[in-house]
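A.B. asks: Protein sequence lines, in the order shown, are assigned to chains A and B.
Residues in the first sequence are numbered consecutively from 8, following the numbering used here.
Residues in the second sequence are numbered consecutively from 46, following the numbering used here.
Think of the CB as a built atom: it goes at the ideal place given N, C-alpha and C, for glycine as much as any other residue.
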Amino acid sequence: AQSVTQPDIHITVSEGASLELRCNYSYGATPYLFWYVQSPGQGLQLLLKYFSGDTLVQGIKGFEAEFKRSQSSFNLRKPSVHWSDAAEYFCAVGSFSGGYNKLIFGAGTRLAVHP
Amino acid sequence: DTGVSQNPRHKITKRGQNVTFRCDPISEHNRLYWYRQTLGQGPEFLTYFQNEAQLEKSRLLSDRFSAERPKGSFSTLEIQRTEQGDSAMYLCASSPGQIPNTEAFFGQGTRLTVV
């Protein structure tokens, strides 16, 4: 069965520092992969997605992610974190069955940013 | 602009009562998804509609849960005889087409507390 693992429950970084959030997936075929962000009181917002082509994907808010098939990973990165990036981040894989895709989410990583 | 709208935003109910949530998707989005998110977990898929047809129900959706999407527009999720384990955030998402070719947009959710 398809699954997503986010090994880090909480991460704290200083403002201006670089960030990497880890995501590992389990999927038999070439996966569709996503990163979403959830701020308090807000809905999930799509940061970026991968489904083919270049394995380094650029997203909104200065985020990028790299798909590594050999490691079954899709880690999210940002070179310089801003205080407004404090939120919960979810990695997801598209699970195809019955003729459509649905999203399977990891448990999330909560990011805190110190001034 | 009207993103995905969910009502109510918060609901407190006594165990054993019935509750109903409403989701208004983005206009002309023919695909609609319901997810449940418990504390410390990522969203879990509950059910999927394409237009008015309910195409999949997760085994998480017990017989006490029912979802409808009359006329392929808004959707309702009803929980009968609520239990404390039903306490969670219920998220609705819609998309104009197949993921990942299109994006799934999420509402802010309905937080249910069963006391």
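1. At what residues does the beta strand (DSSP E) containing G101 of chain A begin and finish?
2. Can Y43 of chain A and Y96 of chain A be called in contact, C-beta distance under 9 Å?
3. Across which residues does DSSP place E71 of chain A in a beta bridge pair?
4. Given that I144 of chain B touches chain A, what residues does it touch there, using C-beta distances under 8 Å?
5. Between which two residues does the beta strand (DSSP E) carrying I18 of chain A extend?
6. Identify the continuous beta strand (DSSP E) that holds C68 of chain B and give its terminal residues.
7. Please state whether DSSP places K56 of chain B in a helix, a strand or coil.
8. What first and last residue would you give for the beta strand (DSSP E) that runs through L26 of chain A?
9. What residues from the region 82-109 of chain B come within 8 Å of chain A, judged by C-beta to C-beta, listed N to C?
10. Please say whether S103 of chain B and L91 of chain B have beta carbons closer to each other than 9 Å?
11. Taking CB distances under 9 Å as the criterion, tell me whether F58 of chain A reaches chain B.
12. For Q49 of chain A, which residues in chain B fall below 7 Å Cβ to Cβ?
13. Could you give the distance in angstroms between the alpha-carbon of E27 of chain A and the alpha-carbon of R54 of chain B?
14. Short of 8 Å in beta carbon distance, which residues of its chain neighbour V20 of chain A, apart from the five on each side in sequence? Order them along the chain.
15. With a cut-off of 8 Å, do at least 3 Cβ pairs link the region 49-64 of chain B to the region 31-42 of chain A?
16. So the candidates are B:T158, B:E73, B:G117 and B:Y78; which of them puts its Cα closest to the Cα of E128 of chain B?
17. For V64 of chain A, decide whether its Cβ has a neighbour in chain B, counting only Cβ atoms nearer than 9 Å.
18. In this structure, does DSSP put S77 of chain A in helix, strand or coil?
19. Determine contact between the region 80-87 of chain A and the region 61-68 of chain B, defined as no fewer than three beta-carbon pairs at a distance below 8 Å.
20. Hey, how far is the Cα of A114 of chain A from the Cα of K75 of chain A?
21. Using a C-beta to C-beta distance shorter than 8 Å, which residues of chain A count as neighbours of Y135 of chain B?
22. Residues in its own chain within less than 6 Å of P38 of chain A by CB, not counting five upstream and five downstream?
23. Kindly list, in the order they appear in chain B, the residues whose Cβ is closer than 7 Å to that of F97 of chain A.
24. To the nearest angstrom, how far is the alpha carbon of V64 of chain A from that of A24 of chain A?
25. Chain A beta carbons: is any one of them nearer than 9 Å to that of F119 of chain B?
C.D. replies: Checking against the coordinates, here is how it stands:
1. A94 to S104
2. yes
3. A:Q65 and A:R84
4. Y39, G101, Y107, N108, K109 and L110
5. Run containing I18 of chain A: H17 to S21, per the beta strand (DSSP E) assignment.
6. V64 to D69
7. When DSSP states are grouped into helix, strand and coil, K56 of chain B belongs to the strand group.
8. L26 to L28
9. Taking 8 Å as the cut-off between beta carbons, the residues of the region 82-109 of chain B near chain A are G85, Q86, G87, P88, E89, F90, Y93, Q95, L100 and E101, in sequence order.
10. yes
11. Yes, F58 of chain A lies at the interface with chain B (some Cβ there is under 9 Å from its Cβ).
12. Here the neighbours are Q153.
13. 32 Å
14. L26, V88, L118, A119, V120 and H121
15. no
16. B:T158
17. Closer than 9 Å: no.
18. In the three-state reduction of the DSSP assignment, S77 of chain A falls in the helix class, which pools H, G and I.
19. no
20. 20 Å
21. By Cβ distance, chain A contributes nothing, its closest Cβ being about 12 Å from Y135 of chain B, past 8 Å.
22. Result list for P38 of chain A: Y32 and V100, in chain order.
23. G87
24. 20 Å
25. no
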